[in-house]
Amino acid sequence: MKLLPRSAFGQTVMLLASLLLINQLVSYLMVTLYVLKPSYDQINDLLAKQVKVVFIDEPLGGRKRLELPDEMRKRFFEATGIEIYTEKAAMKAGLGDAIYYNYFSEELGKELGGPTEVRINEGKDFDIWIKPPMAPQYWLKVPLTGFEGARFSPLPIYLAVIGILSVLGGWLFARRLNRPLKGLQLAARKVGLGEHPERLPEDVGSSEVQAVTSAFNQMAKGVAQLEEDRALLMAGISHDLRTPLTRIRLATEMMKSDENYLKEGIVDDIEDMNAIIDQFIAYVRQDREDQAEATDVSALLEDAVSAFADRPLKTSLLYDNIPELWLRPLSIKRLIYNLLENAERYGRGEARVEGRMSADGQYLVLRVGDNGPGIPEAERVRLFQPFERGERARSTQGSGLGLAIIKKIVDSYHGQVLLGDSTLGGLQVEMRLPLSSLQKMG
0 MKLLPRSAFG QTVMLLASLL LINQLVSYLM VTLYVLKPSY DQINDLLAKQ VKVVFIDEPL
60 GGRKRLELPD EMRKRFFEAT GIEIYTEKAA MKAGLGDAIY YNYFSEELGK ELGGPTEVRI
120 NEGKDFDIWI KPPMAPQYWL KVPLTGFEGA RFSPLPIYLA VIGILSVLGG WLFARRLNRP
180 LKGLQLAARK VGLGEHPERL PEDVGSSEVQ AVTSAFNQMA KGVAQLEEDR ALLMAGISHD
240 LRTPLTRIRL ATEMMKSDEN YLKEGIVDDI EDMNAIIDQF IAYVRQDRED QAEATDVSAL
300 LEDAVSAFAD RPLKTSLLYD NIPELWLRPL SIKRLIYNLL ENAERYGRGE ARVEGRMSAD
360 GQYLVLRVGD NGPGIPEAER VRLFQPFERG ERARSTQGSG LGLAIIKKIV DSYHGQVLLG
420 DSTLGGLQVE MRLPLSSLQK MG
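Numbering (numbering that gives the first Met the number 0), first residue to last: 0 to 441.
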């Protein structure tokens with residue numbers, strides 16, 4: 000399992016977050032060593048001196064210290080606000096709510112020359128409680144008015160806030176940097192599906208992204224122009240071919256009755272050529288004139304199958320309850336119609352059309368099966384290519400675009416075409432259209 004994200008956006012955010020984390024750790028060490036530690040040492044030194052003054056006449060280390068006059072001691076307590084409590088009195092005065100600080104206890108113990116316990120009350124009144132080694136039966140409360148209403152250790156909070164703001168800023172920066180790439184990805188996907196996306200703005204993102212966007216716009220414009228030229232060429236060829244075919248058709252009508260056998264053959268060839276031209280145009284256009292709309296799929300299937308009601312092909316229709324979906328009706332009709340035409344041309348007179356939702360509810364599944372000879376599995380993938388025809392189809396008329404048109408339409412829905420064996424004994428074509436592509440497509 001890879002820990003690094005695959006997208007450029009995720010990698011950029013992770014890189015920025017890693018650099019900021021390293022920066023935070025270095026900042027923490029620098030502030031601790033060169034700002035907080037000297038400040039803590041000064042506070043320890045101040046507290047140690049005050050404690051020494053309070054207990055200057057207490058014995059420590061086996062010797063008697065200097066005694067201060069009572070008046071001087073009284074004036075000292077009034078000026079500093081320092082108070083002395085017994086253990087029991089200290090608990091009533093708030094010692095139980097104070098937090099033990101190991102660092103201050105060890106450092107102050109070194110200054111006072113014995114085991115010392117330091118607790119800090121960080122409530123409304125910021126007080127430091129000290130149990131000195133020279134009088135362990137007492138607690139000394141030292142008020143620090145300059146720290147009232149503040150936390151004694153703001154560094155973690157400061158670093159956390161700075162870190163969050165930095166990561167958020169990095170995320171916004173990476174998002175702004177990668178947003179044009181996301182639009183470029185979506186537009187490229189549309190071009191790949193034969194669509195023509197709107198021109199992307201070329202003044203967004205870095206200079207490199209702008210250059211790529213400009214090149215993409217030029218490419219998309221060239222592809223669109225190529226499509227238009229191809230459609231125009233096909234329309235011209237169609238027009239130029241249909242005109243002489245029409246004249247040939249009129250000429251056949253004037254043939255003598257004893258030449259009917261020849262007339263019928265010419266008419267059949269003309270119809271086949273017209274059908275081939277229609278398939279060429281359909282492949283080029285890919286139903287561009289068809290707009291997506293909310294559609295009753297069941298009624299659409301019935302309409303498509305009804306076109307073969309008066310034809311030799313015996314067609315049956317099976318469908319479940321299918322919800323109303325957003326699709327292009329003409330494209331679905333073309334799918335069913337082309338497959339039924341193939342079944343009529345290559346099958347043995349029977350076909351079945353099925354429509355249902357997949358078991359997981361994520362796909363619309365359409366199936367068309369016949370009772371013909373089928374297609375060998377080795378040929379199935381190749382037949383999706385334009386102008387490719389099966390061995391049996393080579394002996395009949397056709398352009399080899401039937402399955403290519405079907406696959407192109409299904410690809411426009413981001414779907415999948417599967418060839419298999421029909422329950423009728425012939426070929427079955429299954430088309431799976433994802434529901435995500437059938438939700439109000441533009």
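Idealized CB from N, CA, C, for every residue including glycine.
Query                                                                                                                                                      : Result
Helix or strand or just coil, what does DSSP make of A308?                                                                                                 : coil
Could you tell me which residues DSSP puts in a beta bridge with Y84?                                                                                      : W138
Opposite D126 in the DSSP bridges: which residues?                                                                                                         : N120, P142
Measuring alpha carbon to alpha carbon, tell me which residue in I163, I321, V352 is nearest T422.                                                         : V352
So what's P179 in DSSP terms, helix, strand or just coil?                                                                                                  : helix
Can you tell me whether DSSP reads S315 as helix, strand or coil?                                                                                          : strand
With a threshold of 8 Å, are at least 3 pairs of Cβ atoms found where one atom belongs to the stretch 257-277 and the other to the stretch 219-231?        : no
My assumption, with CB atoms under 8 Å, is that V276 sits in contact with L249. Please give the rounded CB distance.                                       : This sequence places Ile at residue 276; Val is not what is there. Contact flag wrong, Cβ pair sits at about 18 Å.
Return helix, strand or coil for G354, following the three-state DSSP convention.                                                                          : strand
Please determine, among L324, R310, D257, the residue with the shortest C-alpha to C-alpha distance to T294.                                               : L324
Once DSSP output is grouped into helix, strand and coil, what is the label at R248?                                                                        : helix
Name, in chain order, the residues that DSSP records as bridge partners for Q427.                                                                          : G368, G419
CA-CA distance, Q427 and L19?                                                                                                                              : 59 Å
Is T294 helix, strand or coil by DSSP?                                                                                                                     : strand
Exposed or buried, R177, counting other C-beta atoms within 10 Å across all chains shown (16 or more means buried)?                                        : Looking at the sequence itself, residue 177 is Asn, so the reference to Arg does not match. Flag for N177 reads buried.
Could you name the residues that DSSP lists as bridge partners for W325?                                                                                   : A293
Just reading off the alpha helix (DSSP H) that E376 is part of, what are its end residues?                                                                 : 376-379
Find the nearest neighbour of A88 within the set P433, L139, E77, judged by alpha-carbon distance.                                                         : L139
Assuming V166 and A16 are in contact, meaning their beta carbons sit under 8 Å apart, how far apart are those beta carbons, in whole angstroms?            : 5 Å
Is there contact here, the stretch 22-35 with the stretch 107-121, by at least three beta-carbon pairs under 8 Å?                                          : no
What does the alpha-carbon distance come out to for the pair R246 and M272?                                                                                : 14 Å
From the DSSP output, which residues share a beta bridge with L363?                                                                                        : M356, L432
Check whether the stretch 330-337 touches the stretch 403-418, taking contact to mean three or more Cβ pairs, one atom from each stretch, closer than 8 Å. : yes
Quick one: what's got a C-beta closer than 6 Å to R150's C-beta in the same chain, skipping five residues either side?                                     : For R150, the predicted model reports a pLDDT of 47, less than 50, meaning its position is unreliable and no value from the coordinates is stated.
What does the Cβ neighbour count give for L299, buried or exposed, with the cut at 16 atoms within 10 Å?                                                   : buried
If you draw a straight line from the C-alpha of K36 to the C-alpha of L107, how long is it?                                                                : 13 Å
Assuming K51 is part of the alpha helix (DSSP H), what are its boundary residues?                                                                          : 36-53
I'd like to check one pair, E349 with D369: are the Cβ atoms closer than 9 Å?                                                                              : yes
Quick check on Y100: does DSSP put it in helix, strand or coil?                                                                                            : coil
Please report how far the alpha carbon of E252 lies from the alpha carbon of P243, in whole angstroms.                                                     : 14 Å
Quick check on this structure: which residue in P311, H413, S436, G373 has the alpha carbon closest to the alpha carbon of G489?                           : In this structure the chain extends from 0 to 441, so residue 489 is not present and cannot be described.
So what does E349 bridge to, in DSSP terms?                                                                                                                : K313
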